[in-house]
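Numbering (this note's numbering), first residue to last: 70 to 426.
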């Protein structure tokens, strides 16, 4: 197959793939108003449109508005698409499950609340059922939960599992609450997500690692974003400079002179192979820790309790370091991978001791 034919096939595949996003911002709650969710949704809407997404923006949606918007969104998704669901507003955890709260919420108890809200797991399942290549759920819905019930968590959302090709990003850790940041125009988490989306060349892992680090710092370590991912491969909202240059020169017939082409010295294959083997073992330990934390979190949520903040932070750091090691190995950077793996192992050891593993 000639290079030109291959390039044409890749271009056709890229043009067939659609970027679709649904954004919901709710802050006009009659009893529990918030300041920034509408601003956050609008800022995310612009940031995603600037990167080629077709967006549907819902402001202060009632339950029926939310249901109809999600129906439209799912109907527009096709196999191979990239889909983003963003929500800012109140969220509630009921019996271990997470729900989005519309502005017309008026339930009296937990039984009513489940019918007056929209389950986040249902959004995820419907997105994953369309055959999309990539699903992103970005949830700035971890603000303080004012809806009291006998079995509801005291605040924040619970942990969730990501299906293949899905990344779920929370504004803070399971069972914790996020800052609405009322003194500024955007919530702390969404403000940093929008900022990261403007940067060219960042992968999903790099975006949410950067957001996690900056929110944690800006909040004085009181808010640490949490993400769970089963994404295969890499995705960039904006191409990097190197990718743009490669695309602009891909059709040229004359390669650069051999003596002027940049050369990179890769680590010995054996070293990289050993690092990959070690990272796989660390990943297995990390999966065991995550599963145990999920089980513990569910048990605590049933009692209206939350996981210790230091353990949430350790788990978030572990995830970030493991992602960093994986990205470094993809880039053939053995030194960076080894550094990330050492940091990840330290967090894993802390968590294993806490969980008695």
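From the three backbone atoms N, C-alpha and C, an ideal C-beta is built for every residue, glycine too. All of these numbers come straight from a predicted model, not from anything done at the bench.
What's the C-alpha gap between residue i and residue j?
| i | j | result |
| --- | --- | --- |
| residue 194 | residue 373 | 26 Å |
| residue 168 | residue 395 | 32 Å |
| residue 375 | residue 408 | 31 Å |
| residue 117 | residue 303 | 18 Å |
| residue 333 | residue 352 | At residue 333, the pLDDT of 44 sits below 50, so the modelled position is not reliable and the matter cannot be decided from this model. |
| residue 102 | residue 283 | 26 Å |
| residue 237 | residue 277 | 10 Å |
| residue 305 | residue 271 | 6 Å |
| residue 125 | residue 422 | 46 Å |
| residue 287 | residue 265 | 15 Å |
| residue 424 | residue 387 | 15 Å |
| residue 362 | residue 173 | 34 Å |
| residue 391 | residue 111 | 32 Å |
| residue 131 | residue 181 | 16 Å |
| residue 356 | residue 404 | 24 Å |
| residue 426 | residue 269 | 41 Å |
Since residue i and residue j are thought to touch, with beta carbons under 8 Å apart, how far apart are those beta carbons, to the nearest angstrom?
| i | j | result |
| --- | --- | --- |
| residue 210 | residue 160 | 3 Å |
| residue 280 | residue 262 | 5 Å |
| residue 158 | residue 95 | 3 Å |
| residue 138 | residue 127 | 5 Å |
Is DSSP giving residue i helix, strand or coil here?
| i | result |
| --- | --- |
| residue 130 | coil |
| residue 296 | strand |
| residue 199 | coil |
| residue 159 | coil |
| residue 230 | coil |
| residue 235 | strand |
| residue 95 | coil |
| residue 390 | helix |
| residue 204 | strand |
| residue 257 | helix |
| residue 273 | helix |
| residue 281 | helix |
What do you reckon, are the CB atoms on residue i and residue j nearer than 8 Å?
| i | j | result |
| --- | --- | --- |
| residue 239 | residue 205 | no |
| residue 348 | residue 273 | no |
| residue 93 | residue 135 | yes |
| residue 416 | residue 243 | no |
| residue 384 | residue 299 | no |
| residue 129 | residue 97 | yes |
| residue 201 | residue 146 | yes |
| residue 381 | residue 177 | no |
Between residue i and the ligand SAM, is there a pair consisting of the residue's CB and a ligand heavy atom that are separated by less than 7 Å?
| i | result |
| --- | --- |
| residue 420 | Because no ligand of any kind appears in the structure shown, any question about the ligand SAM cannot be addressed here. |
Is the region 141 to 158 touching the region 290 to 298 in the sense that three or more CB pairs, one from each, lie closer than 8 Å? no
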